[in-house]
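This report concerns only the one structure given below.
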Amino acid sequence: MRQGKGPVTLSGISQRQAISLSYLEQLFGKLRRHEIVESIRGPGGGYSLARRADKVTVADIIIAVDEPLDATQCGGKENCHGADHATGARCMTHELWATLNEKMVDYLDSVSLQDLVDQQKQKNAEQNVVVMHRNHAALG
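Numbering of the sequence shown is given in our numbering, commencing with residue 6 and proceeding in unit increments.
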């Protein structure tokens, strides 16, 4: 949302999004190592995208910050019944959840940051129309 307006500070993000500053520092360190963001030092410094928003997908971000995308009970280890179970075999629905994992990754890989920005701008525009309509109706 702020691309092209200079670097954004983590403290600013922390305040706007109500996210712990120390957690953001960890996340942005990983994002920087994966070249999704770049840091700018000094006064007026902060972080900015290292690539255009349409070239960064949600999947890129999730992979960069090591967030697991796994709907299986076993965490993809295929021992759904546990290592202690006699067979250690997959559960009956393992393939269902594994396929869901693939679909989630495919979907998140199809959604760019620019898509999210465009959706948010559209949402904001729609909310402004409702507010303007209410204000106009109240005056009428």
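Using N, Cα and C, we set each Cβ at its ideal position, and we do this for glycine too.
DSSP-derived helix/strand/coil call for residue i
i    : result
I24  : coil
T98  : coil
T104 : helix
A76  : coil
R57  : coil
Q124 : helix
M6   : coil
E131 : helix
E40  : coil
Identified DSSP bridge partners for residue i
i    : result
I45  : G51
V13  : Y52
S117 : T62
Residue i versus residue j - alpha carbon distance
i    : j    : result
N129 : S44  : 29 angstroms
L54  : Q8   : 7 angstroms
R166 : T98  : This structure cannot settle anything about residue 166, because the visible part of the chain is limited to 6 through 145.
I41  : N106 : 23 angstroms
D111 : L15  : 30 angstroms
P48  : L118 : 27 angstroms
K10  : K60  : 18 angstroms
I68  : Q132 : 33 angstroms
C96  : E72  : 24 angstroms
E30  : Q125 : 25 angstroms
D123 : A103 : 31 angstroms
D149 : D114 : Limits of the chain in this structure are 6 at one end and 145 at the other, which puts residue 149 out of reach.
Limits of the unbroken alpha helix (DSSP H) element including residue i
i   : result
V63 : 63–69
Status (buried if at least 16 other CB within 10 Å, exposed otherwise) for residue i
i    : result
K13  : Looking at the sequence itself, residue 13 is Val, so the reference to Lys does not match. So V13 counts as buried.
D146 : Outside the displayed span of the chain (6 to 145) sits residue 146, for which this structure offers no information.
G34  : exposed
P51  : As written in the sequence, residue 51 is Gly, which differs from the Pro given in the question. It is buried - the Cβ of G51 has at least 16 other Cβ atoms within 10 Å.
L101 : exposed
L26  : exposed
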